[in-house]
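Structure, as C-alpha coordinates:
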Amino acid sequence: MRWYVSIGAVLVAGMLAGGDVAALAAPASGQQSGGEMAEKESTPSVDVELIIAVDVSYSMDMDELAVQREGYAQAIVSKEFLQALKAGPNGKISVTYFEWAASSDQKMIIPWRVIDGPESADAVSAEIMKTPVRRASRTSISGAIYYAIPLFDENPHRGLRRVIDISGDGPNNNGTPITPARDAALEKGIVINGLPIMVKEPSYSTMDIENLDWYYEDCVIGGPGSFVVAIKDREKFKEAIRTKLLLEVAGRTPEHPVIRVADKEPRVSCTIGEKIWQDRWGR
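Numbered by mature numbering (1 follows the signal peptide of the UniProt record, and there is no 0), the letters in the sequence shown go through residues -25 to -1, 1 to 258 in order.
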(Lines of atoms letter the chains of each structure in order from A and count residues from 1; the text may use other names and numbers.)
(Lines give C-alpha, C1' and ligand atoms only; values in the text may rest on other atoms or scores of the structure.)
Protein backbone atom coordinates (compact mmCIF):
# COMPACT_ATOMS: atom_id res chain seq x y z
CA MET A 1 0.00 0.00 0.00
CA ARG A 2 1.32 3.41 -0.97
CA TRP A 3 0.31 6.85 0.23
CA TYR A 4 0.68 10.43 -0.94
CA VAL A 5 0.87 13.39 1.43
CA SER A 6 1.54 17.05 0.88
CA ILE A 7 3.69 18.85 3.43
CA GLY A 8 0.72 20.85 4.62
CA ALA A 9 -1.34 17.74 5.32
CA VAL A 10 0.61 16.32 8.24
CA LEU A 11 2.02 17.97 11.36
CA VAL A 12 4.25 15.12 12.38
CA ALA A 13 6.77 17.29 14.14
CA GLY A 14 4.11 18.66 16.43
CA MET A 15 2.84 15.21 17.31
CA LEU A 16 6.31 13.95 18.09
CA ALA A 17 7.16 16.97 20.22
CA GLY A 18 3.85 16.60 22.02
CA GLY A 19 4.65 13.21 23.47
CA ASP A 20 3.09 10.86 20.94
CA VAL A 21 6.44 9.49 19.85
CA ALA A 22 6.05 6.10 21.43
CA ALA A 23 2.70 5.53 19.73
CA LEU A 24 4.14 6.52 16.35
CA ALA A 25 7.29 4.50 16.69
CA ALA A 26 5.76 1.30 18.05
CA PRO A 27 6.02 -1.45 15.41
CA ALA A 28 2.76 -2.91 14.20
CA SER A 29 1.74 -6.29 15.49
CA GLY A 30 2.93 -9.05 13.23
CA GLN A 31 6.26 -7.42 12.41
CA GLN A 32 9.20 -9.76 12.72
CA SER A 33 11.16 -9.37 15.91
CA GLY A 34 14.77 -10.11 16.66
CA GLY A 35 13.71 -13.17 18.69
CA GLU A 36 12.20 -14.72 15.59
CA MET A 37 15.45 -14.53 13.66
CA ALA A 38 17.11 -17.89 13.09
CA GLU A 39 20.61 -16.68 13.65
CA LYS A 40 21.86 -14.42 16.40
CA GLU A 41 23.99 -12.33 14.00
CA SER A 42 20.83 -11.51 12.03
CA THR A 43 19.07 -9.96 15.01
CA PRO A 44 18.24 -6.33 14.16
CA SER A 45 20.44 -3.93 16.07
CA VAL A 46 18.95 -0.75 14.59
CA ASP A 47 15.38 0.28 13.92
CA VAL A 48 15.89 1.22 10.28
CA GLU A 49 18.62 1.06 7.67
CA LEU A 50 18.07 4.35 5.85
CA ILE A 51 19.67 5.32 2.55
CA ILE A 52 19.30 9.01 1.66
CA ALA A 53 19.69 9.43 -2.10
CA VAL A 54 19.84 13.09 -3.15
CA ASP A 55 19.41 14.52 -6.65
CA VAL A 56 22.16 16.95 -7.75
CA SER A 57 21.22 17.23 -11.45
CA TYR A 58 21.59 20.53 -13.31
CA SER A 59 17.84 21.16 -13.10
CA MET A 60 18.42 21.86 -9.41
CA ASP A 61 19.77 25.38 -8.93
CA MET A 62 22.59 26.03 -6.47
CA ASP A 63 20.23 27.54 -3.92
CA GLU A 64 18.00 24.46 -3.99
CA LEU A 65 21.00 22.19 -3.63
CA ALA A 66 22.26 24.16 -0.64
CA VAL A 67 18.85 24.23 1.06
CA GLN A 68 18.39 20.51 0.42
CA ARG A 69 21.77 19.74 2.01
CA GLU A 70 21.01 22.00 4.98
CA GLY A 71 17.55 20.47 5.32
CA TYR A 72 18.91 16.97 5.90
CA ALA A 73 21.73 18.19 8.16
CA GLN A 74 19.34 20.20 10.35
CA ALA A 75 16.64 17.51 10.45
CA ILE A 76 19.05 14.91 11.81
CA VAL A 77 19.94 17.07 14.82
CA SER A 78 16.43 18.39 15.45
CA LYS A 79 14.72 17.79 18.78
CA GLU A 80 11.83 16.00 17.05
CA PHE A 81 14.13 13.62 15.19
CA LEU A 82 16.08 12.70 18.32
CA GLN A 83 12.84 12.08 20.23
CA ALA A 84 11.58 9.76 17.49
CA LEU A 85 14.94 8.00 17.45
CA LYS A 86 14.94 7.20 21.17
CA ALA A 87 11.34 5.97 21.04
CA GLY A 88 12.25 3.10 18.71
CA PRO A 89 12.77 -0.47 19.94
CA ASN A 90 16.56 -0.16 19.58
CA GLY A 91 16.82 3.61 19.94
CA LYS A 92 19.14 3.97 16.96
CA ILE A 93 19.25 3.89 13.18
CA SER A 94 21.90 3.29 10.54
CA VAL A 95 22.12 5.86 7.76
CA THR A 96 24.11 6.51 4.60
CA TYR A 97 23.90 9.54 2.28
CA PHE A 98 24.85 9.81 -1.39
CA GLU A 99 24.26 12.21 -4.26
CA TRP A 100 23.25 11.12 -7.75
CA ALA A 101 22.69 12.43 -11.29
CA ALA A 102 23.37 10.28 -14.39
CA SER A 103 23.21 6.48 -14.33
CA SER A 104 26.98 6.27 -13.77
CA ASP A 105 27.21 9.27 -11.44
CA GLN A 106 26.70 8.54 -7.75
CA LYS A 107 28.92 10.07 -5.09
CA MET A 108 29.02 8.68 -1.57
CA ILE A 109 28.98 11.53 0.94
CA ILE A 110 28.56 9.52 4.15
CA PRO A 111 29.19 5.76 4.39
CA TRP A 112 27.08 3.84 6.87
CA ARG A 113 26.89 5.58 10.25
CA VAL A 114 24.88 4.72 13.37
CA ILE A 115 22.89 7.56 14.91
CA ASP A 116 21.98 6.79 18.51
CA GLY A 117 21.82 10.23 20.13
CA PRO A 118 22.83 13.91 19.91
CA GLU A 119 26.57 13.30 19.62
CA SER A 120 26.40 10.90 16.68
CA ALA A 121 23.66 13.01 15.06
CA ASP A 122 25.89 16.10 15.29
CA ALA A 123 28.76 14.19 13.69
CA VAL A 124 26.65 13.02 10.75
CA SER A 125 25.14 16.48 10.30
CA ALA A 126 28.59 18.09 10.22
CA GLU A 127 29.82 15.51 7.73
CA ILE A 128 26.89 16.26 5.40
CA MET A 129 27.64 19.98 5.47
CA LYS A 130 31.41 19.84 4.96
CA THR A 131 31.28 18.41 1.42
CA PRO A 132 31.12 21.08 -1.31
CA VAL A 133 27.81 21.31 -3.15
CA ARG A 134 28.04 20.05 -6.73
CA ARG A 135 25.85 19.72 -9.84
CA ALA A 136 25.97 17.14 -12.62
CA SER A 137 24.17 16.22 -15.84
CA ARG A 138 21.17 13.96 -16.45
CA THR A 139 18.64 12.41 -14.06
CA SER A 140 18.77 8.67 -13.42
CA ILE A 141 16.50 7.70 -10.55
CA SER A 142 16.90 4.09 -11.68
CA GLY A 143 20.68 4.42 -11.43
CA ALA A 144 20.34 5.76 -7.89
CA ILE A 145 18.13 2.82 -6.88
CA TYR A 146 20.45 0.23 -8.43
CA TYR A 147 23.38 1.89 -6.66
CA ALA A 148 21.50 1.86 -3.35
CA ILE A 149 20.34 -1.76 -3.32
CA PRO A 150 23.74 -3.44 -2.67
CA LEU A 151 24.64 -0.83 -0.06
CA PHE A 152 22.33 -2.63 2.38
CA ASP A 153 24.49 -5.76 2.12
CA GLU A 154 27.55 -3.67 3.05
CA ASN A 155 25.93 -2.33 6.21
CA PRO A 156 27.22 -4.17 9.30
CA HIS A 157 24.06 -3.24 11.23
CA ARG A 158 20.83 -5.08 10.52
CA GLY A 159 17.58 -3.14 10.81
CA LEU A 160 13.92 -3.91 11.31
CA ARG A 161 13.29 -2.03 8.06
CA ARG A 162 15.28 -1.10 4.97
CA VAL A 163 14.33 2.22 3.35
CA ILE A 164 15.58 4.25 0.39
CA ASP A 165 14.69 7.93 0.78
CA ILE A 166 15.00 9.41 -2.72
CA SER A 167 14.59 13.07 -3.67
CA GLY A 168 14.48 14.66 -7.11
CA ASP A 169 12.99 17.44 -9.20
CA GLY A 170 12.37 15.58 -12.45
CA PRO A 171 11.58 12.21 -14.02
CA ASN A 172 14.07 9.52 -14.98
CA ASN A 173 15.73 10.40 -18.31
CA ASN A 174 18.89 8.32 -18.26
CA GLY A 175 19.88 4.70 -17.66
CA THR A 176 17.37 1.88 -17.44
CA PRO A 177 13.64 2.63 -17.05
CA ILE A 178 12.50 3.41 -13.53
CA THR A 179 9.98 0.61 -12.93
CA PRO A 180 12.41 -2.36 -13.22
CA ALA A 181 14.73 -0.63 -10.75
CA ARG A 182 11.87 0.00 -8.34
CA ASP A 183 10.68 -3.59 -8.64
CA ALA A 184 14.21 -4.94 -8.04
CA ALA A 185 14.28 -3.09 -4.72
CA LEU A 186 10.81 -4.24 -3.73
CA GLU A 187 11.73 -7.87 -4.41
CA LYS A 188 14.39 -7.55 -1.71
CA GLY A 189 11.93 -6.16 0.83
CA ILE A 190 13.21 -2.60 0.50
CA VAL A 191 10.78 0.30 0.86
CA ILE A 192 11.22 3.36 -1.37
CA ASN A 193 9.85 6.75 -0.25
CA GLY A 194 9.88 9.87 -2.41
CA LEU A 195 10.54 13.57 -1.99
CA PRO A 196 9.53 15.18 -5.31
CA ILE A 197 10.75 18.79 -5.49
CA MET A 198 8.19 20.98 -7.27
CA VAL A 199 9.19 24.54 -6.35
CA LYS A 200 9.60 25.79 -9.93
CA GLU A 201 7.14 26.04 -12.80
CA PRO A 202 7.62 23.09 -15.19
CA SER A 203 10.01 24.05 -17.99
CA TYR A 204 10.87 22.23 -21.19
CA SER A 205 14.42 23.54 -20.94
CA THR A 206 14.99 21.89 -17.56
CA MET A 207 13.16 18.61 -18.31
CA ASP A 208 10.57 19.34 -15.60
CA ILE A 209 7.08 17.85 -15.81
CA GLU A 210 3.72 18.69 -14.30
CA ASN A 211 2.43 16.37 -11.57
CA LEU A 212 5.87 15.11 -10.57
CA ASP A 213 4.25 13.95 -7.35
CA TRP A 214 1.99 11.62 -9.35
CA TYR A 215 5.04 10.30 -11.21
CA TYR A 216 6.77 9.55 -7.91
CA GLU A 217 3.64 7.90 -6.49
CA ASP A 218 2.97 5.66 -9.47
CA CYS A 219 6.47 4.99 -10.83
CA VAL A 220 9.10 5.48 -8.10
CA ILE A 221 7.92 4.61 -4.60
CA GLY A 222 6.85 1.19 -3.38
CA GLY A 223 6.77 -1.27 -0.52
CA PRO A 224 4.64 -1.51 2.64
CA GLY A 225 3.71 1.95 3.93
CA SER A 226 5.67 3.80 1.22
CA PHE A 227 4.76 7.45 0.79
CA VAL A 228 5.52 10.73 -0.96
CA VAL A 229 6.08 14.12 0.64
CA ALA A 230 5.92 16.72 -2.12
CA ILE A 231 7.72 20.06 -1.80
CA LYS A 232 5.72 22.73 -3.60
CA ASP A 233 6.90 25.76 -1.63
CA ARG A 234 10.56 26.71 -1.41
CA GLU A 235 9.96 28.04 2.12
CA LYS A 236 8.74 24.57 3.19
CA PHE A 237 11.78 22.74 1.83
CA LYS A 238 13.46 22.03 5.17
CA GLU A 239 10.16 21.32 6.93
CA ALA A 240 9.30 18.71 4.30
CA ILE A 241 12.65 16.97 4.71
CA ARG A 242 12.24 16.86 8.49
CA THR A 243 8.68 15.53 8.19
CA LYS A 244 9.80 12.76 5.87
CA LEU A 245 12.70 11.68 8.08
CA LEU A 246 10.48 11.66 11.16
CA LEU A 247 7.99 9.36 9.45
CA GLU A 248 10.76 7.05 8.29
CA VAL A 249 12.43 6.82 11.69
CA ALA A 250 9.08 6.22 13.37
CA GLY A 251 8.16 3.58 10.77
CA ARG A 252 4.84 5.26 10.03
CA THR A 253 2.86 6.49 7.08
CA PRO A 254 1.28 9.96 7.32
CA GLU A 255 -1.58 10.14 9.78
CA HIS A 256 -3.78 12.01 7.30
CA PRO A 257 -3.07 10.75 3.77
CA VAL A 258 -4.57 12.91 1.04
CA ILE A 259 -4.86 10.29 -1.69
CA ARG A 260 -4.74 6.56 -1.50
CA VAL A 261 -2.76 5.34 -4.49
CA ALA A 262 -4.29 2.29 -6.10
CA ASP A 263 -2.23 -0.24 -8.03
CA LYS A 264 -3.49 0.72 -11.46
CA GLU A 265 -2.18 2.32 -14.65
CA PRO A 266 0.17 5.23 -13.86
CA ARG A 267 -1.42 8.67 -14.20
CA VAL A 268 1.87 9.92 -15.64
CA SER A 269 3.85 7.73 -18.04
CA CYS A 270 6.79 6.11 -16.27
CA THR A 271 8.90 6.74 -19.39
CA ILE A 272 7.94 10.41 -19.80
CA GLY A 273 11.45 11.62 -18.96
CA GLU A 274 13.05 9.39 -21.56
CA LYS A 275 10.49 10.54 -24.15
CA ILE A 276 11.13 14.23 -23.44
CA TRP A 277 14.89 13.68 -23.76
CA GLN A 278 14.45 11.74 -27.01
CA ASP A 279 12.17 14.42 -28.47
CA ARG A 280 14.61 17.15 -27.49
CA TRP A 281 17.98 15.59 -28.27
CA GLY A 282 17.11 12.69 -30.55
CA ARG A 283 19.11 10.21 -28.51
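For every residue, glycine included, the Cβ atom is placed at its ideal position computed from N, Cα and C.
Gly63 burial status per 10 Å Cβ neighbour count (16 or more: buried):
As a working note, residue 63 is residue 88 in the sequence shown. Buried, since its Cβ has 16 or more Cβ neighbours within 10 Å.
Among Arg88, Ser201, Ala159, which residue has its Cα nearest to the Cα of Ile103?
Taking the first residue of the sequence shown as position 1, residue 103 is located at position 128. The candidate whose alpha carbon is nearest that of Ile103 is Arg88.
Nearest neighbour of Val203, chosen from Glu210, Arg209, Tyr190 [CA to CA]:
The residue you call residue 203 lines up with position 228 of the sequence shown. Minimum Cα distance to Val203 is reached at Tyr190.
If you measure between the beta carbons of Gly143 and Ile172, is that distance less than 8 Å?
Here residue 143 is taken as the residue at index 168 of the sequence shown, counted from 1. Here residue 172 is taken as the residue at index 197 of the sequence shown, counted from 1. Yes, the Cβ-Cβ distance between Gly143 and Ile172 is below 8 Å.
Distance between Lys67 and Glu241 (C-alpha atoms, nearest Å):
Translated into positions along the sequence shown, residue 241 becomes position 266. Translated into positions along the sequence shown, residue 67 becomes position 92. According to the sequence displayed, residue 241 carries Pro and not Glu. Looking at the two C-alpha atoms, the distance is approximately 36 Å.
Residues in its own chain within less than 6 Å of Ile124 by CB, not counting five upstream and five downstream?
Position 149 of the sequence shown holds residue 124. Ala160, listed in sequence order.
Go ahead and pull the three-state DSSP assignment for Ser115.
The residue you call residue 115 lines up with position 140 of the sequence shown. Here Ser115 sits in coil by DSSP.
Using a Cβ-Cβ cutoff of less than 8 Å, which residues in the same chain neighbour Glu45 once the five nearest sequence positions on both sides are dropped?
Numbered from 1 along the sequence shown, position 70 holds the residue referred to as residue 45. The residues are Met104, Lys213.
Buried versus exposed, by CB contacts within 10 Å (16 or more), Gly197:
Working through the sequence shown from its first residue, we reach residue 197 at position 222. When all chains shown are included, Gly197 counts as buried.
I need the straight-line Cα distance from Lys219 to Leu170, nearest angstrom please.
The residue you call residue 219 lines up with position 244 of the sequence shown. The residue you call residue 170 lines up with position 195 of the sequence shown. Whole-angstrom Cα-Cα distance: 8 Å.
Taking the beta carbon of Gly164 as the centre, do at least 16 other beta carbons fall within 10 Å, making it buried, or is it exposed?
Position 189 of the sequence shown, counted from the start, is the residue given in the question as residue 164. Gly164 should be labelled exposed.
Which stretch, first to last residue, makes up the beta strand (DSSP E) that contains Met83?
Numbered from its first residue, the sequence shown carries residue 83 at position 108. Met83 -> beta strand (DSSP E) spans 81 to 90.
Could you please give me the residues that DSSP links to residue 261 through a beta bridge?
As displayed, the chain neither begins before -25 nor continues past 258, which places residue 261 out of reach and without an answer.
Can you look up Ile251 in the DSSP assignment and give me helix, strand or coil?
If you number the sequence shown from 1, residue 251 lands on position 276. Residue state, collapsed to three classes: helix.
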